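Number of protein chains: 2
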Amino acid sequence: MEKKRNLYLKTMPVEEAREKYFDRIRDIIEIKRETVDVIKSLGRVTGRAVFARYSSPLFNASAMDGIAVKAEDTRGASETEPLILREDQYAVVDTGDPVKNPFDAVIMAEDIVETHEGVRITASAAPWQHIRPIGEDIVAGEMILPGSHRIRAIDIGVLLSAGITQIEVVKKPEVAIFPTGSEIIEPDGHIEEGSIIESNSRMFENMINQLGGVGHRFPPLKDDYDLILEKVSDAARRFDMVIVNAGSSAGTEDYTVHVLRELGEVIVHGVAVKPGKPVILAVVNDKPVIGLPGYPVSAYIGFENFAAPLLQMMGRRRESINETLEAHISKRLVSSLKHKEYVRVKVGRVGDKFVAAPLARGAGAAMSLVRADGFCVIDQNSEGIEAGEKAVIELYRDRREIENTAVIIGSHDLILDIIADMMPERYPGMFVSSTHVGSMGGLMSLKRGEAHMAPIHLLDEETGEYNIPYVKRLFQEPTVLIKGVGRLQGIMVKKGNPLDIKSIEKLADGRVRYVNRQRGAGTRVLFDYRLRKLGISPEDIRGYEREMTTHMAVAAAVASDSADAGMGILSAANAMDLDFIEIASEEYDFAVPERFLELSQVKAFIEIIKSDEFKKRLEEMGGYDTEGSGSIKRG
Amino acid sequence: MEKKRNLYLKTMPVEEAREKYFDRIRDIIEIKRETVDVIKSLGRVTGRAVFARYSSPLFNASAMDGIAVKAEDTRGASETEPLILREDQYAVVDTGDPVKNPFDAVIMAEDIVETHEGVRITASAAPWQHIRPIGEDIVAGEMILPGSHRIRAIDIGVLLSAGITQIEVVKKPEVAIFPTGSEIIEPDGHIEEGSIIESNSRMFENMINQLGGVGHRFPPLKDDYDLILEKVSDAARRFDMVIVNAGSSAGTEDYTVHVLRELGEVIVHGVAVKPGKPVILAVVNDKPVIGLPGYPVSAYIGFENFAAPLLQMMGRRRESINETLEAHISKRLVSSLKHKEYVRVKVGRVGDKFVAAPLARGAGAAMSLVRADGFCVIDQNSEGIEAGEKAVIELYRDRREIENTAVIIGSHDLILDIIADMMPERYPGMFVSSTHVGSMGGLMSLKRGEAHMAPIHLLDEETGEYNIPYVKRLFQEPTVLIKGVGRLQGIMVKKGNPLDIKSIEKLADGRVRYVNRQRGAGTRVLFDYRLRKLGISPEDIRGYEREMTTHMAVAAAVASDSADAGMGILSAANAMDLDFIEIASEEYDFAVPERFLELSQVKAFIEIIKSDEFKKRLEEMGGYDTEGSGSIKRG
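For the record, the sequence lines run as chains A and B. Under the UniProt record's numbering, residues 1 to 635 are what the first sequence spells out, in order. Under the UniProt record's numbering, residues 1 to 635 are what the second sequence spells out, in order.
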């Protein structure tokens with residue numbers, strides 16, 4: 001072939017080239033999925049959201065070494081009037097051991113004295129003290145990981161605890177790499193003047209593997225137009241991406257651009273970057289084919305600018321980075337001078353500051369490792385951190401992910417899991433984080449600038465109106481509601497309703513073991529309101545003082561027969577296969593300061609709850625009304 | 001066995017426990033090495049320094065597409081008086097093609113016009129223009145990677161370019177993991193009340209793999225004293241480290257601490273950390289054995305606090321982190337508005353600021369990728385960055401490594417490679433970075449606060465004294481010299497000295513092709529001084545204007561016959577198997593501001609050059625006098 005020069009006339013800025021090329025690729029790439037063993041899934045990216053198969057703990061478990069007792073047997077015990085428990089009134093338990101019926105409390109080993117008559121106790125035990133209720137950490141059916149999540153070692157532990165041994169992940173993109181050039185030789189080849197040792201392809205191969213792809217490096221190809229054409233054409237059928245190295249500049253033997261024009265479409269040839277100008281971005285057989293320059297530094301920069309982000313897009317993977325950042329602690333953390341303490345925190349960027357919300361502090365709460373974005377370490381010499389103070393957070397999640405996360409704090413609903421699952425799927429790189437502190441807790445967080453949105457369902461007793469009166473009363477700054485869903489509240493009971501519970505009155509008969517929600521939860525507000533209206537005193541409800549923080553935890557307690565009834569939403573009852581006695585229809589909305597409506601993650605959030613897919617998924621769960629979801633309600 | 005409780009009375013602060021345990025372990029662990037293929041070495045840690053087998057380029061190579069010419073044939077060509085080169089006066093070359101004798105310059109394709117008589121040129125070519133001299137990027141025998149360096153994709157490319165296909169790396173630590181507890185079951189096992197799904201060991205296994213070790217997870221062991229004793233005893237023989245999970249707290253069935261006391265020595269039991277108090281740090285058969293608590297969060301924190309840093313110590317590996325930092329640019333960077341530019345920089349922490357020194361900007365300089373700590377990206381809309389201005393650096397080296405690096409800028413000597421190799425070996429976590437800009441350049445960098453030390457060999461013509469007069473003259477701030485080495489300077493010529501060069505006078509005979517060092521280099525100062533003393537004009541030296549920046553590059557030019565002679569040190573001549581005509585004995589010392597003498601990396605540096613091992617290695621190279629090396633010279 002005649003030597004001819006291949007001068008490109010103008011070059012395109014990097015960002016423009018990337019945008020142009022990626023816009024084209026986005027439409028044609030196909031995310032493939034495969035199933036792998038959880039124990040081999042480190043670093044892989046979840047293909048879909050993963051839901052727990054089992055609860056953890058699987059049973060009511062002792063949180064201490066000690067004895068399991070019936071709380072009512074201990075009533076009246078005190079320092080001055082100790083009680084002796086006979087052998088049939090207690091069972092020795094270690095931490096993690098099941099606490100079986102009829103026992104419903106644990107007394108710590110330190111607080112008992114063994115005598116020949118039995119065990120002496122000097123204080124009464126509160127029902128459910130020192131017991132980790134079934135599902136405290138993970139509730140069966142609960143979402144453990146969203147889709148597009150890169151699996152960490154801690155996630156593997158929690159997946160296994162939740163009974164998941166196999167997992168659907170995004171398939172690793174397979175990339176063919178062709179070194180070209182008649183002068184290049186293998187590193188162990190025979191060297192003569194003019195030889196260039198081929199090394200770029202090995203660098204690419206390793207960069208691809210590091211980015212979660214699979215690099216397939218082919219032996220060097222001679223500068224032969226037909227040979228290169230044949231090989232690239234074949235590879236564009238068999239692989240997800242092809243890299244052709246060298247032959248992308250304007251030298252006389254640089255065939256790559258001609259080959260790619262013949263085989264497909266060259267989107268960009270030459271970018272305004274130094275080093276690394278001679279880059280070719282093409283599409284062949286609906287696959288991305290990238291021509292990179294031969295000089296090692298240009299090759300590296302070209303790869304980093306185009307191949308690396310493309311691979312991440314195809315593999316739904318972002319690099320994970322361990323770093324630290326300073327964040328404002330959202331609630332007071334008291335710590336003892338006796339030890340250094342590791343508090344798991346969720347971190348969000350709200351406005352211009354990072355906010356770290358402490359999570360459950362128990363050592364058994366494995367899910368808190370998964371939910372957390374990092375640790376706040378409280379020094380042994382420190383008594384703690386005041387709310388609003390800054391502290392250093394050791395992140396184990398990517399800071400960029402945190403910056404693109406919609407921070408939701410408030411009332412719990414299963415639709416939050418669905419939104420968290422749909423977000424990164426529809427808007428790659430964006431996430432939802434939700435923390436469940438009840439409706440009032442959510443509004444307080446919003447006021448303190450710790451969240452973007454607060455999901456609430458608060459009935460105003462005076463007006464009979466939901467949510468708006470609370471927002472008006474509490475906020476000075478312009479704050480609106482994003483309409484969420486209408487949903488059914490009721491009493492959840494075991495399948496077949498064996499105690500024949502038909503109304504709230506029945507819960508006060510002294511036999512039904514009730515399990516309550518925590519103060520500030522909208523469900524608790526509703527329950528208390530109904531009790532007052534019916535003239536029933538909380539003392540008449542057995543188990544009123546036993547509080548759970550989510551609908552699913554209440555449902556799990558009923559399902560496992562550690563309670564007979566609890567208030568909750570229809571979807572939670574359905575998820576746990578419980579019967580449901582409808583009590584009220586309520587409005588579950590998202591309070592949001594107006595200035596946050598412009599944030600891209602909030603916009604994405606609104607688009608999701610307006611979408612048909614969202615409505616379809618809610619229909620499948622049952623109990624939701626999605627009319628007007630996503631519209632803005634002003635007071 | 002009778003149920004008994006195993007109360008530990010006091011707990012130790014984390015840092016104290018770690019220090020106590022690691023002090024004990026440091027004496028017994030043995031760094032094992034193995035040889036692997038370079039293409040499979042990603043993420044591994046070099047066992048020793050790696051030196052180049054070949055130079056890169058392997059020959060004088062064209063840096064442009066164009067024609068290779070003899071510079072003297074082009075003399076006089078201009079716009080008004082163009083010259084025609086006949087077919088035998090040039091050769092068409094592409095970028096990377098060899099430029100063979102007698103050609104010694106390249107003219108770019110854009111600057112020539114092909115006519116039927118020959119090629120028309122309108123400007124003369126300077127000798128060696130647009131030629132990448134042999135060894136420009138890598139010189140055979142030069143150190144490519146120091147020991148204890150974690151291998152990146154870019155390193156693999158450069159290793160292969162330098163002819164290295166196999167590499168000695170630190171062997172991955174092998175860790176046995178034993179889950180224990182009669183109640184635990186496998187994730188796919190039969191679940192009954194009281195069952196706990198075993199998941200910590202899988203979390204550990206993956207954390208170990210991520211940290212560069214190999215996790216071997218054994219099936220769960222029942223709570224049986226003799227069984228646990230047998231398994232742990234056997235594992236402590238076969239593995240580098242053992243983790244026993246659960247059984248480390250004070251529960252009734254927690255045998256681990258008793259087993260470890262019987263088998264070996266328990267150094268720490270219980271640390272002041274929450275969650276994660278019940279940790280056992282022991283030694284069995286000279287191997288670390290760690291007992292970790294069963295609760296997942298405690299297990300995670302215990303692992304991160306003790307097992308993770310221990311593994312890194314054993315594997316000589318630190319986590320790599322990609323992050324950005326702000327640094328002061330040490331020299332003006334001019335960039336064109338035509339493109340975005342990636343400038344490789346070396347980053348150092350000097351005093352209280354980070355300083356980024358730009359490296360070679362050529363696209364062919366693969367070693368610059370290895371030497372660099374990151375990129376400074378100059379935006380397409382920017383004309384560049386002024387010296388001293390702050391710029392954002394995208395790091396691809398760990399920031400902590402950068403903070404523990406002694407930054408050396410100045411004259412080049414092979415002993416710098418030896419120090420860089422010895423530093424992380426003798427002082428794990430500490431590094432030396434050296435940039436070669438000549439003696440005067442080094443002193444200027446020191447003055448601008450860009451380096452900790454400047455290696456210099458500057459003869460004061462007035463006093464005949466080396467180095468001290470320059471330091472006195474240039475520095476206001478108290479600055480001293482760390483005595484380096486005495487070394488021999490001379491003329492390097494080809495083996496057998498075919499041109500019979502015996503003195504500097506001979507270099508002026510008009511036939512000898514000389515290759516010079518850059519202005520400001522001590523060797524250049526010495527050469528110019530001798531020329532003046534001999535009354536020889538630089539114009540009489542053929543090749544005086546051809547400048548190289550290191551001794552090794554000069555030696556490589558002579559060895560490859562692209563020059564006949566050059567000034568340099570004996571060790572460089574020996575490394576390239578050249579003959580050597582001694583000219584002077586000189587003093588090569590390190591200028592250092594007094595306040596830096598307190599820095600740990602400077603102290604470590606001094607200890608190294610005082611050490612017997614250092615002296616022994618210099619003796620092997622020849623040409624060095626190490627008397628008094630490491631002592632402080634004040635003016």
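Virtual Cβ for every residue (Gly too), placed ideally from N, Cα, C. Fair warning: this is a prediction, and the values are worked out from it, not measured in the lab.
Of all Cβ atoms in chain B, is any one closer than 8 Å to the Cβ of Thr256/A? Within the first sequence, residue 256/A is the residue found at index 256, counting from 1. So no, Thr256/A is outside the interface.
How would you call Arg517/B, buried or exposed, if buried means at least 16 neighbouring beta carbons within 10 angstroms? What you label residue 517/B is simply residue 517 of the second sequence in a count that begins at 1. By the neighbour-count rule (16 or more Cβ atoms within 10 Å), Arg517/B is buried.
Give a yes or no on whether the C-beta atoms belonging to Ile243/B and Ala307/B are separated by under 8 Å. Within the second sequence, residue 243/B is the residue found at index 243, counting from 1. Within the second sequence, residue 307/B is the residue found at index 307, counting from 1. Yes, they are a contact pair.
Run through the segment 334 to 382 of chain B for me and flag every whole beta strand (DSSP E) of 3 or more residues, listed as ranges in chain order. 340 to 350, 353 to 358 and 374 to 378
Can we say the segment 334 to 352 of chain A touches the segment 372 to 380 of chain A, given the rule of at least three CB pairs closer than 8 Å? yes
Taking contact to mean 3 or more Cβ pairs, one atom from each stretch, closer than 8 Å, check whether the segment 499 to 516 of chain B and the segment 562 to 569 of chain B are in contact. yes
Who are the near neighbours of Leu9/B in its chain, counting only those whose CB is closer than 6 Å to its CB and skipping five residues on each side? Reading the second sequence from its first residue, position 9 is the one you call residue 9/B. A caution first: Leu9/B carries a pLDDT of 45, below 50, which makes its placement in the model unreliable, though a value can still be read off. Around Leu9/B: no qualifying Cβ.
Glu265/A versus Gln129/B - alpha carbon distance: On the first sequence, residue 265/A is found 265 positions in, with the first residue counted as 1. On the second sequence, residue 129/B is found 129 positions in, with the first residue counted as 1. In a straight line, the C-alpha of Glu265/A is about 38 Å away from that of Gln129/B.
Give me the subset of the segment 539 to 550 of chain B whose CB atoms are less than 7 Å from a CB atom of chain A, sorted by chain position. none
Would you identify the three-state DSSP class for Ile164/A, choosing helix, strand or coil? By one-based count along the first sequence, residue 164/A stands at place 164. Three-state result, Ile164/A: coil.
Between Met422/A and Ile541/A, how many whole angstroms is the CB-CB distance? I'm expecting something under 8 Å. Translated into the one-based positions of the first sequence, residue 422/A becomes position 422. Translated into the one-based positions of the first sequence, residue 541/A becomes position 541. Contact doesn't hold; Cβ gap of about 38 Å is too wide.
Is it true that the CB of Ala508/B sits closer than 8 Å to the CB of Ile482/B? As a first step, residue 482/B is located in the second sequence; it is residue number 482 there, counting from the start. As a first step, residue 508/B is located in the second sequence; it is residue number 508 there, counting from the start. No, they are not a contact pair.
Quick one: is Glu326/B near chain A, going by C-beta distance under 8 Å? The count along the second sequence starts at 1 and reaches residue 326/B at position 326. Taking Cβ atoms only, chain A never reaches closer than 8 Å to Glu326/B, which makes this a no.
Tell me which residues share the same chain as Glu461/A and place their Cβ nearer than 8 Å to its Cβ, disregarding the 5 neighbours each side in the sequence. Within the first sequence, numbered from 1, the residue matching residue 461/A stands at position 461. Only Tyr529 meet the Cβ criterion.
Would you kindly check if the distance between the Cβ of Gly441/A and the Cβ of Glu520/A is under 8 Å? Counting from 1 along the first sequence, the entry for residue 520/A is found at position 520. Counting from 1 along the first sequence, the entry for residue 441/A is found at position 441. Inspection of the sequence shows that residue 520/A is occupied by Gly rather than by Glu. In this structure, Gly441/A lies closer than 8 Å to Gly520/A by Cβ.
Assigned secondary structure, Leu414/B (DSSP; H/G/I helix, E/B strand, else coil): Position 414 of the second sequence, counting from 1, holds the residue named residue 414/B. Here Leu414/B sits in coil by DSSP.
Quick check: the segment 149 to 162 of chain A against the segment 576 to 584 of chain A, are at least 3 beta-carbon pairs closer than 8 Å? no
Please list the partners that Asp188/A has in chain B, where partner means a Cβ-to-Cβ separation under 8 Å. In the first sequence, the residue the question calls residue 188/A occupies position 188. What Asp188/A touches in chain B: Thr165.
Beta strand (DSSP E) runs wholly inside the segment 113 to 176 of chain B, at least 3 long, in chain order: Whole beta strand (DSSP E) segments, 3+ residues: 119 to 121, 143 to 145 and 166 to 170.
Does chain A have any CB closer than 8 Å to the CB of Ala250/B? Position 250 of the second sequence, counted from the first residue, corresponds to residue 250/B. Any reading at Ala250/B is ruled out, since the residue's pLDDT is 48, under 50, leaving its predicted position unreliable.
Out of Thr115/A, Glu110/A and Asp65/A, which has the shortest C-alpha to C-alpha gap to Leu83/A? Along the first sequence, read from residue 1 onward, the residue named residue 83/A stands at position 83. With distances taken between Cα atoms, Leu83/A lies closest to Thr115/A.
Considering only C-alpha positions, which residue in the set Asp286/B, Gly351/B and Asn404/B is nearest to Ile28/B? Mapped onto the second sequence, residue 28/B falls at position 28. Per the Cα distances, Asp286/B.
Determine the DSSP secondary structure at Ala250/B, reduced to helix, strand or coil. Counting from 1 along the second sequence, the entry for residue 250/B is found at position 250. Here the model assigns Ala250/B a pLDDT of 48, short of 50, so the residue's position is not dependable, and the following value carries that caveat. Three-state DSSP puts Ala250/B in coil, outside helix and strand.
Starting from Asn209/B, find everything on chain A with Cβ-Cβ shorter than 9 Å and list it in chain order. As a first step, residue 209/B is located in the second sequence; it is residue number 209 there, counting from the start. What Asn209/B touches in chain A: Leu42 and Ala153.
Through-space distance from Leu263/B to residue 636/B, alpha-carbon basis: Given a span of 1 to 635 for chain B in the structure shown, any question on residue 636/B remains unanswerable.
Do you know whose CA, among Leu85/A, Val432/A and Gly429/A, lies nearest Arg120/A's CA? Stepping through the first sequence from its first residue, residue 120/A is reached at position 120. With distances taken between Cα atoms, Arg120/A lies closest to Leu85/A.
Anyone know if the C-beta pair for Val554/B and Leu459/B falls short of 8 Å? Here residue 554/B refers to the residue found at position 554 when the second sequence is read from its first residue. Here residue 459/B refers to the residue found at position 459 when the second sequence is read from its first residue. Their beta carbons are not under 8 Å apart, which means Val554/B does not touch Leu459/B by this criterion.
Kindly give me the distance between the Cβ atoms of Val345/A and Gly291/A, rounded to whole angstroms, as I take these residues to be in contact under 8 Å. Residue numbering aside, residue 345/A sits at position 345 when the first sequence is read from its first letter. Residue numbering aside, residue 291/A sits at position 291 when the first sequence is read from its first letter. The Cβ separation is near 46 Å, so there is no contact.
Can you confirm whether Phe614/A, when its beta carbon is compared against all beta carbons of chain B, has any partner nearer than 8 Å? Sequence index remark: in the first sequence, residue 614/A carries index 614 (1-based). No, Phe614/A does not count as interfacial toward chain B.
Does DSSP classify Val45/B as helix, strand or coil? On the second sequence, position 45 is the one that residue 45/B refers to. Val45/B: strand per DSSP, three-state reduction.
Scan the segment 327 to 354 of chain A for residues whose Cβ lies nearer than 8 Å to a Cβ of chain B and list them as they occur along the chain. Ser335, Ser336, Lys338, His339, Lys340, Glu341, Tyr342 and Arg344
Measuring only the C-alpha atoms, how far is Gly410/B from Ser434/B? In the second sequence, residue 410/B corresponds to position 410, counting from 1. In the second sequence, residue 434/B corresponds to position 434, counting from 1. Gly410/B and Ser434/B: Cα-Cα distance of roughly 8 Å.
When you compare the CB positions of Gly294/A and Val279/A, do they come within less than 8 Å of one another, or not? For this step, residue 294/A is matched to residue 294 along the first sequence. For this step, residue 279/A is matched to residue 279 along the first sequence. Against a cut-off of 8 Å, the Cβ pair of Val279/A and Gly294/A comes out as no contact.
Quick check on Gln476/B: does DSSP put it in helix, strand or coil? Taking the first residue of the second sequence as position 1, residue 476/B is located at position 476. Coil at Gln476/B, not helix or strand.
For Leu458/B, which beta-bridge partners are listed by DSSP? Your numbering for residue 458/B matches position 458 in the second sequence. Leu458/B is not bridged to any residue.
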